[in-house]
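Undergrad: Take the sequence shown: its letter number 537 is residue 537 in full-length UniProt numbering, and every next letter is one higher.
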Amino acid sequence: MSSKRKSEIEQDLRNDDKRYSLFTPTSVRSSVWKHFQVIKFLDNVENFARCNHCAEILSYAPRSGTGSLLRHRCVRVRSISSPKNVQPAQSVSNFIRCMLPKKTKEDILKSQLEFILKDLKSLSTTEGDGFRKFAQALINIGAEYGKQNVDEILVSRSILINSLIPAEYFNTKNQLEYILTNNHISFSTSVWVDERSRRSFFSLTGHFINDEFVMCSSLLGTREFTSLTKETSDRLHYFVMDILNEFQIKEKFGQSVIVTDNLPQFIDAFRCYKQVSCICHNINLFMKEVLENVNIKEIQDLIEASKSLVHFFESSELNNIISLSINQNGTERFSSVFGALQNIFNVYNEIEQALIERNEWQEIAGVNFHLLDCVVSFFKPFKECFDLVSTQTTPVITEYCFWYQKLQATCLEGPLDSKVITELKATAMDVFERIMKPDILHYIALFLNPRKGIKSVLSENKLKQTENAVKELIVNLKKQQDRDLIGLLQTDADCPDISVVPGMFNSEECEKEIDNEIIRYLKIDVEHFNVLQFWKNSVDFPILKNICRQILSIPTSCTKCTQGIFSLDGILEGDRSNANIPCESIDQLLFLHNNTGYVKIKDEGNSAEA
Numbered sequence: 001m002s003s004k005r006k007s008e009i010e011q012d013l014r015n016d017d018k019r020y021s022l023f024t025p026t027s028v029r030s031s032v033w034k035h036f037q038v039i040k041f042l043d044n045v046e047n048f049a050r051c052n053h054c055a056e057i058l059s060y061a062p063r064s065g066t067g068s069l070l071r072h073r074c075v076r077v078r079s080i081s082s083p084k085n086v087q088p089a090q091s092v093s094n095f096i097r098c099m100l101p102k103k104t105k106e107d108i109l110k111s112q113l114e115f116i117l118k119d120l121k122s123l124s125t126t127e128g129d130g131f132r133k134f135a136q137a138l139i140n141i142g143a144e145y146g147k148q149n150v151d152e153i154l155v156s157r158s159i160l161i162n163s164l165i166p167a168e169y170f171n172t173k174n175q176l177e178y179i180l181t182n183n184h185i186s187f188s189t190s191v192w193v194d195e196r197s198r199r200s201f202f203s204l205t206g207h208f209i210n211d212e213f214v215m216c217s218s219l220l221g222t223r224e225f226t227s228l229t230k231e232t233s234d235r236l237h238y239f240v241m242d243i244l245n246e247f248q249i250k251e252k253f254g255q256s257v258i259v260t261d262n263l264p265q266f267i268d269a270f271r272c273y274k275q276v277s278c279i280c281h282n283i284n285l286f287m288k289e290v291l292e293n294v295n296i297k298e299i300q301d302l303i304e305a306s307k308s309l310v311h312f313f314e315s316s317e318l319n320n321i322i323s324l325s326i327n328q329n330g331t332e333r334f335s336s337v338f339g340a341l342q343n344i345f346n347v348y349n350e351i352e353q354a355l356i357e358r359n360e361w362q363e364i365a366g367v368n369f370h371l372l373d374c375v376v377s378f379f380k381p382f383k384e385c386f387d388l389v390s391t392q393t394t395p396v397i398t399e400y401c402f403w404y405q406k407l408q409a410t411c412l413e414g415p416l417d418s419k420v421i422t423e424l425k426a427t428a429m430d431v432f433e434r435i436m437k438p439d440i441l442h443y444i445a446l447f448l449n450p451r452k453g454i455k456s457v458l459s460e461n462k463l464k465q466t467e468n469a470v471k472e473l474i475v476n477l478k479k480q481q482d483r484d485l486i487g488l489l490q491t492d493a494d495c496p497d498i499s500v501v502p503g504m505f506n507s508e509e510c511e512k513e514i515d516n517e518i519i520r521y522l523k524i525d526v527e528h529f530n531v532l533q534f535w536k537n538s539v540d541f542p543i544l545k546n547i548c549r550q551i552l553s554i555p556t557s558c559t560k561c562t563q564g565i566f567s568l569d570g571i572l573e574g575d576r577s578n579a580n581i582p583c584e585s586i587d588q589l590l591f592l593h594n595n596t597g598y599v600k601i602k603d604e605g606n607s608a609e610a
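1. Taking only runs that begin and end inside the region 251-306, name each unbroken alpha helix (DSSP H) of 4 or more residues, in chain order.
2. Can you tell me whether L589 sits near the ligand ZN, meaning its C-beta is under 8 Å from at least one heavy atom of the ligand?
3. I'd like the span of the beta strand (DSSP E) that includes L204, first residue to last.
4. Just the C-alpha distance for S68 and E114, rounded to the nearest angstrom, thanks.
5. Roughly how many angstroms lie between the CA atoms of C216 and I299, to the nearest whole one?
6. Less than 9 Å separating the beta-carbons of F239 and F202?
7. Let's test the definition: count the other Cβ atoms within 10 Å of the Cβ of Q550 and tell me whether it reaches 16, buried, or not, exposed.
8. Using only alpha-carbon positions, find the residue among L236, S233, I514 and S335 that is nearest to H281.
9. What's the C-alpha gap between V193 and S538?
10. If distances are taken between C-alpha atoms only, which option among N44, G65, F36 and K40 comes closest to C54?
11. Count the other CB atoms, across all protein chains shown, that sit within 10 Å of the CB of F23; report buried if there are 16 or more and exposed otherwise.
12. Beta-carbon within less than 6 Å of L263's beta-carbon, same chain only, minus the 5 sequence neighbours each way: which residues are those?
13. I'd like the span of the beta strand (DSSP E) that includes E224, first residue to last.
14. Does the distance from the C-beta atom of S188 to that of I258 stay below 9 Å?
15. Which one or two residues does DSSP pair with Q37 in a beta bridge?
16. With DSSP collapsed to three states, give me the class of T104.
17. Pair every Cβ in the region 373-390 with every Cβ in the region 420-428, then say whether three or more of these pairs are closer than 8 Å.
18. Give the single residue among F541, Q275 and L522 whose Cα lies nearest to the Cα of C558.
19. Helix, strand or coil, according to DSSP, for N368 in the structure here?
20. Cβ of L291 within 9 Å of Cβ of V337?
21. Could you tell me the boundaries of the beta strand (DSSP E) in which T189 lies?
22. If you check the beta carbons only, do R73 and L13 fall under 9 Å apart?
23. Curious, which full-length alpha helix (DSSP H) runs of at least 4 residues does the region 104-168 contain?
24. Along the chain, where does the beta strand (DSSP E) containing L58 start, and where does it finish?
25. Would you mind giving the Cβ-Cβ distance between F382 and L407, rounded to the nearest angstrom? I have them listed as a contact below 8 Å.
26. For T172, which residues in the same chain have their Cβ closer than 8 Å to its Cβ, ignoring the five residues on either side in sequence?
27. Let me know the secondary structure DSSP gives R63 once reduced to three states.
28. Give a yes or no on whether the C-beta atoms belonging to I524 and T222 are separated by under 9 Å.
29. Quick check: what's the CA-CA separation for L176 versus F213?
30. Does the distance from the CB of I554 to the CB of H207 come in under 9 Å?
31. Is it the case that the Cβ atoms of L446 and Y400 are separated by a distance below 9 Å?
32. Please work out which residues of its chain come closer than 7 Å, Cβ to Cβ, to L219, disregarding the five sequence neighbours upstream and downstream, and give them in chain order.
33. What does the Cβ neighbour count give for Q392, buried or exposed, with the cut at 16 atoms within 10 Å?
34. Out of G65, N530 and M287, which has the shortest C-alpha to C-alpha gap to S30?
35. By the three-class DSSP mapping on this structure, what secondary structure does S21 have?
36. Would you kindly report the start and end of the unbroken alpha helix (DSSP H) that includes T410?
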C-alpha cells in the first residue's frame, strides 16, 4: 500500500491522473457505498474514499469501519434535495433508510386502523396509489423539516372544492386541449347514475392514437340531467357541443365518429353526424330480446325457476356458504338474467348439496340442469365478445367482424341440438341479423388488420365493397387536407376548385396510387403482430397509414366509460351533502381523476409534433 497523502491524491485527481481508479467494495453490505468509492493507485488500495456527489476525499480504512463516511456532510446532496440552500448540510446517514423499530411499526399500524375506524373509510383506502403517494409526501416532510402540525399543512374541503381543484382542472385542461387539437379524435358518450345520490349524468370521452401509436382515452366532460326518458335529443346534442366548445375542437366533430348507445334519443341527437352504435349495448339488446322476452315455455320456466332460487338465497343465509354469490348482478351492464343463470350453473353442485342438507331440495327442482347447461353454453360467446369489445386499451374494432362471424355461427342449428335449443337459435338468428350487423367502419378496421385470414371473413363482394370504402375515405381525407391548406394560404379569398390548383388533388393519379398500394397490402402475410406497432413501423403503405390512426381510434363501445371512472362513492363517500355538490365540481373531479398524470404521458407522445 502506498503512503500518499490526501493533498497529493486530490491534486493528482484534479489533474486527471490516469494511474488512479475508483471501485466499490463488493464484500461489504453497508448502504453507504451507494455514495462512495475507494481510491486505488496503480495496484495499491489507498486509505481514502471519494464522495460520488461532491468528489471530496475522506479518510477510510476497512479496519476502522465507515464511521468517517457516515459523518460526511455532503453539500452537493443537500443542494439537490432542497430548493434553497438555507439549511445546514446533512450527513450521508440522513439519506440512508433505517429499519423501523418493532414498537414504532406497531404504533403506525394502530394509527392506520384508528384512521379506518374513526372515519369509517373503506378498508382498501390505504392501498390506493393516491393515498400512498400522499402518505409518503407527509413522511418526507417530517424527515426534511422535523415535527409539524398537521392542521397547518392540510386544507379544508371547501378550499379543495373552490380553489385547488379548479386551478388544477384548468391547468390540466389547457394541456389536454393542445393534445386534442393536434390529433384526430373519435368520441363516445355514456349515461350513468350515481348509486349513492341517484343523480343522472352524461359524459363525453375522446379517443385518439398519438404519434407513438398508443391508444389514449380522455374524459372530456360531464353534465347532469334529470333522466334519459325525459331528456330530449336536442339536449344531448347541446351537451356534446358545449363540451367540445370548451376544448375548442367543435370543428373536429363533423369529421369524426361518435359511438353511442343504440337508443332513439341518441340516434336522433346525432343523425347529422357519423354515428356508430355501441357493440356492448347491441349485445345487451340482443340478450334482452332473445333471453328475457323469449316465447319458449321451457326457457321461460328455467328463467322463472332461477329467479325464484336467487330470491330464496337472498332471503336466507345460504348465499354466505357457497363459493360464489348467485345474486343477479347488472353492474357490468351485461344481462343480469344471464349472470344469474351462469352463476347458478357454476355452483350448481354446491347449491344442490346445501339444499339437500337442509331438506329444501325442492327449491332447485325447477331448474333443469341440462337445459341450463345448453343455454349458458349458447350465450357464453356473447359474454366473451362483450368483455373483449368493452376494452379501450387496444384497437379491438379490428376484431369485431371476426366475432360477428363467430357469433353468427353460434346461432346456426347443430346436429345434436334439442328442439328447445333449435327454436332458441332460430329466434336468436333473426334478432342477431337485425341488431348486430357491423358498420362499414368495422369492415374498414378489419381491412387495416394485416392478420392472415381477412379474406376468409369477407366475401369477394364484401371485400370489394370495403376496398371502395377505403378508397373513398382516403380521397375525402386528401381533399379535406387540400381544402385546409388552401384555407391557410388564401384566408381572404374564396376557396378555389382544388382540382385545378397545381400540386393539389388529382383524382386519376390518386386512385391509381391507392389501387397499387392496396394490391401490395393484400399480398402481405402476417401471422403474429401488434396492429399498432405494425402501422407505426410501416413504410411500405404510407397512404393506408394515413387513415389508420383515424379508424383504429374508434372505440367499439361506451361500456368502460361507466366502470371505475365514474364512481362518486370514491370521491364523496361519507359526505352527507353530496347531493348538493354542483355538477361543475363533479365534472372537474372526474376529469382530473381520469386525466391527472395521464396528460403528461400523452403530451410526451406528441412532443415531436410540438
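Virtual Cβ for every residue (Gly too), placed ideally from N, Cα, C.
Bear in mind the structure is a predicted one, so any value in this text is a computation, not a measurement.
TA: In short:
1. 264-269 and 279-287
2. Questions concerning the ligand ZN fall outside what the structure shown contains, since it holds no ligand whatsoever.
3. The residue labelled residue 204 in the question sits at position 204 within the sequence shown. Taken as a continuous stretch (DSSP letters only), the beta strand (DSSP E) holding L204 covers S200 to I209.
4. Numbered from its first residue, the sequence shown carries residue 68 at position 68. Numbered from its first residue, the sequence shown carries residue 114 at position 114. If you take the alpha carbons of S68 and E114, they lie about 42 Å apart.
5. Working through the sequence shown from its first residue, we reach residue 216 at position 216. Working through the sequence shown from its first residue, we reach residue 299 at position 299. Near 43 Å, if we compare the C-alpha coordinates of I299 and C216.
6. Locating residue 239 in the sequence shown gives position 239, counting from the first residue. Locating residue 202 in the sequence shown gives position 202, counting from the first residue. A contact, by the Cβ cut-off of 9 Å.
7. Along the sequence shown, read from residue 1 onward, the residue named residue 550 stands at position 550. So Q550 ends up on the buried side.
8. Taking the first residue of the sequence shown as 1, we reach residue 281 at position 281. Per the Cα distances, S335.
9. Within the sequence shown, residue 193 is the residue found at index 193, counting from 1. Within the sequence shown, residue 538 is the residue found at index 538, counting from 1. If I take the Cα positions, the gap works out to 44 Å.
10. Along the sequence shown, read from residue 1 onward, the residue named residue 54 stands at position 54. That would be F36, whose Cα lies nearest to the Cα of C54.
11. Taking the first residue of the sequence shown as position 1, residue 23 is located at position 23. It is exposed - the Cβ of F23 has fewer than 16 other Cβ atoms within 10 Å.
12. Working through the sequence shown from its first residue, we reach residue 263 at position 263. Hits under 6 Å: none found.
13. Sequence index remark: in the sequence shown, residue 224 carries index 224 (1-based). First-last of the beta strand (DSSP E) with E224: M215 to F225.
14. Position 188 of the sequence shown, counting from 1, holds the residue named residue 188. Position 258 of the sequence shown, counting from 1, holds the residue named residue 258. Contact flag set, yes.
15. The residue labelled residue 37 in the question sits at position 37 within the sequence shown. Looking at the DSSP assignment, Q37 forms a beta bridge with R50.
16. Walking along the sequence shown from the start, residue 104 turns up at place 104. In the three-state reduction of the DSSP assignment, T104 falls in the helix class, which pools H, G and I.
17. yes
18. The residue given as residue 558 occupies position 558 in the sequence shown. Of F541, Q275 and L522, the residue nearest in Cα terms is Q275.
19. As a first step, residue 368 is located in the sequence shown; it is residue number 368 there, counting from the start. Looking at N368 - three-state DSSP - the assignment turns out to be coil, as it is neither helix nor strand.
20. Locating residue 291 in the sequence shown gives position 291, counting from the first residue. Locating residue 337 in the sequence shown gives position 337, counting from the first residue. Yes.
21. Locating residue 189 in the sequence shown gives position 189, where the first residue counts as 1. Per DSSP, T189 belongs to the beta strand (DSSP E) from S186 to V193.
22. Position 73 of the sequence shown, counted from the start, is the residue given in the question as residue 73. Position 13 of the sequence shown, counted from the start, is the residue given in the question as residue 13. For R73 and L13, no; Cβs fall outside 9 Å.
23. 129-145
24. In the sequence shown, counting from the first residue as 1, residue 58 sits at position 58. From DSSP, the beta strand (DSSP E) with L58 extends over I57 to S59.
25. The residue given as residue 382 occupies position 382 in the sequence shown. The residue given as residue 407 occupies position 407 in the sequence shown. Indeed, because the Cβ distance is near 6 Å, the residues count as touching under 8 Å.
26. For the purposes of this step, residue 172 is taken as the residue at position 172 of the sequence shown. Contacts found: F591, L592, N595, T596 and V599.
27. Looking up residue 63 in the sequence shown gives position 63. Looking at R63 - three-state DSSP - the assignment turns out to be coil, as it is neither helix nor strand.
28. Position 524 of the sequence shown holds residue 524. Position 222 of the sequence shown holds residue 222. One thing to note: I524 has its Cβ no nearer than 9 Å to the Cβ of T222.
29. Mapped onto the sequence shown, residue 176 falls at position 176. Mapped onto the sequence shown, residue 213 falls at position 213. About 17 Å.
30. Here residue 554 refers to the residue found at position 554 when the sequence shown is read from its first residue. Here residue 207 refers to the residue found at position 207 when the sequence shown is read from its first residue. For I554 and H207, yes; Cβs fall inside 9 Å.
31. Along the sequence shown, one-based indexing puts residue 446 at 446. Along the sequence shown, one-based indexing puts residue 400 at 400. Going by C-beta atoms, L446 is nearer than 9 Å to Y400.
32. Working through the sequence shown from its first residue, we reach residue 219 at position 219. Once the five neighbours on either side are set aside, the close Cβ partners of L219 are S203, T205, I565, L590, F591, N594 and N595.
33. Counting from one through the sequence shown, the residue named residue 392 turns up at place 392. Answer is buried; the Cβ neighbour count reaches 16.
34. Residue numbering aside, residue 30 sits at position 30 when the sequence shown is read from its first letter. Closest option to S30, Cα to Cα, is G65.
35. Position 21 of the sequence shown, counted from the start, is the residue given in the question as residue 21. Correct three-state label for S21: strand.
36. Within the sequence shown, the letter at position 410 stands for residue 410. From DSSP, the alpha helix (DSSP H) with T410 extends over Y400 to T410.
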